Every structure is written in structure tokens, then in C-alpha cells.
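K.L.:
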Amino acid sequence: AERLDAERREAERREFEKREAKRLEAERRKFEKQEAKRLEAEKREAEKREAERARWAEQQIEMVRAERQRARAEEQSARDQAHQRPNEQQRAQSPADASSPTHVSSPEHRMQSPGDTVSGSESYSSAEDYQEPQ
């Protein structure tokens, strides 16, 4: 009777260990699935954040480009206006006005307008008119 009782207890122990192993395996698989889902969600969030950072960086680049373009347009407008003013001033001034920055004393130069080429070199009506070659 003791031997049968011991065999029964041993069989129950083996059944318990089998059930416990199955339960632990199911728990492990469940944990791994949850962990995979969590990692995938983190990956998607990281990708969203990276895409948002890329959009933000592109917006910053576009803002800088627009600002530079606006500044260039303002500079060009200022240069264009600077070209206009000396020509208008020159027409309004008499040739005898020696205080004029565009006034040149020799008669052949008095006939030329600012920006004309004299013996292969360019002349400018003012320092504002000069542009560095780009």
C-alpha cells in the first residue's frame, strides 16, 4: 500500500511539474509577445519623433532660405535705388558743382555716365554700387 501510495504521489508530482512547465511556457510566450509589441510601439514612436524632427529641420532650413532670399532682395533693391539716386542727382547738378562725388574734372569724362567703362576699367558712381563678383 505504501509503494502504491508513493507511486501515486510520484505520478501526481510529475503531472504537477508538466502542468507547471506548460503554464511557465505559456507565460513566457505571453511575455515575449507583449515585449515584442512594446518594442514595436517604441520603434513606431521613435520613427514618428524622427520624422517630426526631420520636418522641423526642413522647416528651419526653408525659413533660413526664405530669410536669406528676402535679405538678398532687400540688398538688391537698395543697390537698385543707389543706382537710381546718383543718376538723378547727376542730372540735377550743374557740371561746375565740384562737391559732387560723381564729378570728374576732365571734359571727356564729364560726358560719360557712371558705370561706363574707361580704358578697360569699370567706374562706379559710389562705393554702394560696387558688387563683389559672385
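Heads up, the sequence shown is in the UniProt record's numbering, so the first residue is 1 and it goes up one at a time.
Even for Gly, the Cβ is constructed at its ideal location relative to N, Cα and C.
Because the structure is a prediction, the values reported are computed rather than measured.
1. Go ahead and pull the three-state DSSP assignment for residue 135.
2. Is DSSP giving Ala1 helix, strand or coil here?
3. Give the straight-line distance between the Cα atoms of Lys43 and Gln34, rounded to the nearest whole angstrom.
4. Can you give me the Cβ contacts of Arg49 inside the same chain, cut-off strictly under 7 Å, excluding the 5 residues immediately before and after it?
5. Can you grab the Cα-Cα spacing for the pair Arg3 / Ala41, in whole Å?
P.N.:
According to the structure data:
1. Missing from the structure shown is residue 135; the chain here goes from 1 to 134 and no further.
2. Mapped onto the sequence shown, residue 1 falls at position 1. When secondary structure is reduced to three states using DSSP, Ala1 falls in the coil class, being assigned neither helix nor strand.
3. Position 43 of the sequence shown holds residue 43. Position 34 of the sequence shown holds residue 34. Lys43 and Gln34 have their C-alpha atoms roughly 14 Å apart.
4. Here residue 49 refers to the residue found at position 49 of the sequence shown. None.
5. Against the sequence shown, residue 3 aligns to sequence position 3. Against the sequence shown, residue 41 aligns to sequence position 41. The straight-line gap from Cα to Cα measures roughly 56 Å.
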